[in-house]
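Residue numbers (my numbering), protein chains in the order written: chain X, 2 to 341; chain D, 2 to 341.
For each residue, glycine too, the CB sits at the ideal point set by N, CA and C.
Number of protein chains: 2
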Amino acid sequence: MAQKIKLSTIAESLGLSTATISLALRDSPLVASDTREKIKEQARALGYIYNRRAASLRTSRSGIIGVVVHDIMNPFYGEILKAIETELDRNRQTFILSNHYDSVEKQRNFIETLLQLGGDGVIMSPAIGTPIEDVRLAETNGMPLILVARSMEGTALPTYRGDDSYGISLATNHLIGLGHKTIAMIGGTDQTSTGRDRYQGYVNALRKAGIEVDPELRIPGPRSMQGGFEAAVNFLSLPQKPTAAVCWNDLVAIGLMNGIARAGLVVGQDISVTGYDDLEQASISVPALTTVSNQQAEVGRLAARALLDRLAGSHEPDGIHLIKPEMRIRQSTGPHRPRA
Amino acid sequence: MAQKIKLSTIAESLGLSTATISLALRDSPLVASDTREKIKEQARALGYIYNRRAASLRTSRSGIIGVVVHDIMNPFYGEILKAIETELDRNRQTFILSNHYDSVEKQRNFIETLLQLGGDGVIMSPAIGTPIEDVRLAETNGMPLILVARSMEGTALPTYRGDDSYGISLATNHLIGLGHKTIAMIGGTDQTSTGRDRYQGYVNALRKAGIEVDPELRIPGPRSMQGGFEAAVNFLSLPQKPTAAVCWNDLVAIGLMNGIARAGLVVGQDISVTGYDDLEQASISVPALTTVSNQQAEVGRLAARALLDRLAGSHEPDGIHLIKPEMRIRQSTGPHRPRA
DNA sequence: TTAAATTATTAAAACAATTTAATTCCGTTT
DNA sequence: AAACGGAATTAAATTGTTTTAATAATTTAA
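Written out as structure tokens, the structure reads:
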């Protein structure tokens with residue numbers, strides 16, 4: 002491997018100084034345009050590669066943005082990430098991605114690594130139990146932070162997420178409108194802000210319709226397809242014989258539908274099921290899933306925009322920005338029929 | 002925000018030199034152990050953050066490893082990535098992730114960015130049509146490269162992937178063994194090495210069983226659930242009336258099963274379907290999917306190991322390492338029954 | 001007590017860019 | 001011919017760490 006090409010290599014080969022080369026490559030008006038072209042041409046010819054770490058050592062801007070979420074394999078986050086990726090790409094920022102799997106420690110490691118690399122900012126969906134110090138760590142070191150999909154109590158950080166309470170109440174109202182009275186809520190946790198909001202939306206909708214809330218109809222569990230699948234047994238054997246289920250998300254709903262189908266019941270007739278998120282898969286499941294679009298693309302886009310704006314100096318007010326979800330009615334829900 | 006804490010800040014506060022501080026924090030035996038402890042304590046107290054770009058400017062090691070695949074939202078890659086993540090984490094490497102969506106340009110941008118950041122190595126699943134120059138770009142700049150999941154003709158790069166030809170022949174043989182004679186192959190492309198290998202495995206198995214290969218039974222298409230779902234219409238209206246389908250992967254298979262179910266036929270009885278990959282979802286689909294485990298976790302782990310070994314100086318021989326897939330028989334396949 | 005050996009610390013030179021203030025080189029103007 | 005002004009270029013300082021060779025301090029051996 003030939004020796005590294007750096008500014009000084011180009012400078013020597015053209016009989017100029019490194020200052021000129023640097024200025025020229027950065028399109029500074031200080032250098033004459035024909036010199037600039039000559040320099041750019043030579044840089045190309047020699048296969049020059051810009052050394053970002055040297056540059057950022059001087060400028061203290063790295064062009065790196067960190068993104069950390071619970072699990073990138075979860076399509077809900079996947080869709081948010083895709084939107085973030087698009088927005089950051091467009092502004093030629095490099096992004097470093099990580100899962101925290103709700104481990105506060107893994108999340109802190111990530112923040113530390115990012116600080117070491119001189120990251121310009123972070124977008125995160127905070128792990129359950131994230132201590133304020135970890136957020137401060139980023140802030141006191143000059144790394145702005147935006148929250149996405151989940152919020153954190155006790156901070157005024159800019160946050161972008163769906164209006165979960167409203168969204169779940171949409172789904173619950175839809176079922177109530179179809180005549181269902183015994184409606185379970187399947188999957189998820191009550192340990193996150195999202196969890197509490199979703200449960201609240203469910204409770205509110207029932208109360209408003211004059212239906213008593215039965216805590217036994219709340220079956221928490223993993224937010225995965227597997228989780229929904231396994232919840233089916235419990236769900237079907239509840240003494241209250243629910244005729245409908247509001248699921249934490251589409252994955253749980255699809256898992257639950259599969260579990261119900263395995264038990265020989267027909268979703269959309271015997272049992273109504275709603276999802277949440279409106280993943281791509283929701284429209285092609287069997288039966289097609291009635292769900293709530295959480296506007297992932299919009300949430301991700303806004304979060305990325307907010308960070309970019311902040312880096313550019315403009316300071317939109319902090320606080321929680323709720324994106325309004327929308328109902329998507331398909332075949333997994335139908336009019337109430339009493340269970341045998 | 003207080004001014005930045007750097008080595009010299011600590012040095013001054015303790016009346017030592019930056020050399021000693023650096024050595025101590027790096028656990029060098031050159032510095033006395035009580036001094037070392039004092040220094041570490043002070044670093045902690047002051048909230049010192051190690052500046053990796055300054056360090057790597059000097060050492061030319063960044064601890065950054067790039068990983069680029071077609072689409073991280075595809076669970077097949079997701080499972081590979083998870084294995085890579087685990088292995089790299091364990092060796093405290095930071096990894097930068099990107100999709101290329103089979104855009105050669107996006108992939109090259111990624112390689113360039115990584116070079117600019119001083120990346121130590123790349124693991125990639127090359128985009129369709131990747132030119133050798135792009136690979137050379139990495140190599141001539143001293144950034145070793147490992148291929149995963151897909152190979153590239155005309156290079157001797159270390160490659161880790163499943164034995165696709167063998168894997169598909171397993172699935173095809175399974176169907177032949179159940180008495181099926183008209184077997185379609187659904188989804189995917191013939192433009193990648195993987196694609197050609199998989200088709201070859203299918204052809205080989207049929208030939209060996211003395212079944213004529215009918216090119217009309219090959220329905221290429223997107224490698225997604227949506228793709229499988231949409232292929233169902235074509236599949237069901239083929240004049241040859243196939244009774245079984247070998248699918249490109251589990252996503253296509255699940256999509257196809259959903260499409261077939263929508264048409265009122267029963268998968269596992271009227272039509273047999275096999276998948277490929279053995280994703281988590283395969284075991285909980287309805288019916289549970291007969292598929293071939295592509296050993297994603299193993300593939301990812303080996304690829305990461307190979308890169309780490311290379312970075313550590315040991316040089317395992319180049320070339321393609323094929324990981325043997327395994328059959329997983331479930332309910333989506335059953336004995337042949339002629340179609341009405 | 002001194003020389004030699006060992007241990008602990010540090011000076012200073014990299015690493016590759018950016019950037020400000022200074023300098024050089026022109027052509028104009030007086 | 002000298003003075004001036006503007007444009008193009010550059011010298012040199014700066015960024016924060018690593019590392020080698022040198023120095024200082026301490027212990028051991030003679």
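- PRO76 of chain X reaches chain D at MET74, counting residues in chain order whose Cβ is nearer than 8 Å.
- The distance from the Cβ of ILE169 of chain D to that of GLY202 of chain D is about 3 Å, consistent with a contact at the 8 Å cut-off.
- Buried is the label assigned to LEU171 of chain D, since at least 16 other Cβ atoms lie within 10 Å of its Cβ.
- Straight-line spacing of the CA atoms in ILE272 of chain X and LEU266 of chain X works out to 8 Å.
- Not a single CB atom of chain X sits nearer than 7 Å to the CB of ASN250 of chain D.
- What LEU58 of chain X touches in chain D, judged by beta-carbon distance under 7 Å, is ARG54, ALA55, LEU58, going in chain order.
- Under a 10 Å Cβ-count criterion, GLN270 of chain X is classified as exposed, with fewer than 16 other Cβ atoms of the shown protein chains found around its own Cβ.
- Residues of chain D whose Cβ lies closer than 7 Å to the Cβ of ASN142 of chain X are, in chain order, ILE50.
- Runs of the beta strand (DSSP E) lying entirely within the segment 199-266 of chain D and spanning at least 3 residues, in chain order: 245-248.
- For LEU148 of chain X, the enclosing beta strand (DSSP E) has its first and last residue at 146-149.
- Excluding the 5 residues flanking it on each side, GLU42 of chain D has no same chain C-beta neighbour closer than 8 Å.
- Look at the segment 269-307 of chain X and you find these whole runs of beta strand (DSSP E), each 3 residues long or longer: 273-275, 292-294.
- Contact between the segment 111-125 of chain D and the segment 326-337 of chain D is absent: fewer than 3 CB-CB pairs across the two stretches fall below 8 Å.
- Cβ proximity to chain X below 7 Å picks out GLY256, ASN259, ALA262, ARG263, GLU281, GLN282, ILE285 from the segment 253-285 of chain D.
- Contact between ASN100 of chain D and ASP135 of chain D does not hold, since their C-beta atoms are separated by about 16 Å, which reaches or exceeds 8 Å.
- In terms of beta-carbon proximity, ILE85 of chain D stays away from the interface with chain X, with every pair separated by 7 Å or more.
- Contact of LEU218 of chain X with chain D is not assigned, every C-beta pair being separated by 7 Å or more.
- For TYR51 of chain D, there is no enclosing alpha helix (DSSP H), as DSSP marks it with neither H nor E.
- With distances taken between CA atoms, ALA206 of chain X lies nearest to X:ASN174 out of X:ASN174, X:ILE124, X:LEU179.
- Identification of residues in the segment 219-238 of chain D having a C-beta nearer than 7 Å to some C-beta of chain X yields MET226, GLN227, PHE230, given in sequence order.
- Any Cβ of chain D closer than 7 Å to the Cβ of THR292 of chain X would place that residue at the interface, and such an atom is absent.
- Closest in C-alpha terms to SER286 of chain X, from the list X:PRO132, X:GLY276, X:ARG306, comes X:GLY276.
- Look at TYR78 of chain X here: in three-state DSSP terms it is helix.
- In chain order, ILE97, THR114, LEU118 make up the part of chain X whose C-beta sits under 8 Å from the C-beta of THR95 of chain D.
- The CB of VAL136 of chain D never comes closer than 9 Å to any CB in chain X; the least such distance is about 14 Å.
- Listed in chain order, the non-local C-beta contacts of GLY320 of chain X below 8 Å within the same chain comprise ALA157, PRO159, THR160, local neighbours out to five positions each way being set aside.
- Uninterrupted beta strand (DSSP E) stretches at least 3 residues long and entirely within the segment 75-134 of chain X occur at 95-100, 122-125, given in chain order.
- MET144 of chain X sits close to GLY120 of chain X, with the two beta carbons spaced by under 7 Å.
- Listed by position along chain X, the residues whose Cβ is nearer than 7 Å to that of VAL287 of chain D are ASN259, ALA262, ARG263.
- Spatial neighbours of ALA298 of chain D in its own chain (CB-CB distance under 7 Å, excluding positions within 5 residues in sequence) are listed in chain order as GLU80, ALA84.
- Per DSSP, the continuous beta strand (DSSP E) segment holding ALA185 of chain D begins and ends at 184-187.
- Counting C-beta atoms within 10 angstroms of its own C-beta, SER152 of chain D has 16 or more neighbours from the protein chains shown and is therefore classed as buried.
- Taking 8 Å as the upper bound on Cβ-Cβ separation, chain X lies near no residue of the segment 183-201 of chain D.
- ARG224 of chain D sits buried, since 16 or more C-beta atoms from the chains shown fall within 10 Å of its C-beta.
- Remark: C-beta atoms of LEU8 of chain X and SER23 of chain X approach each other more closely than 7 Å.
- About 5 Å separates the beta carbons of ILE184 of chain D and LEU176 of chain D, which is inside the 8 Å limit, making them a contact pair.
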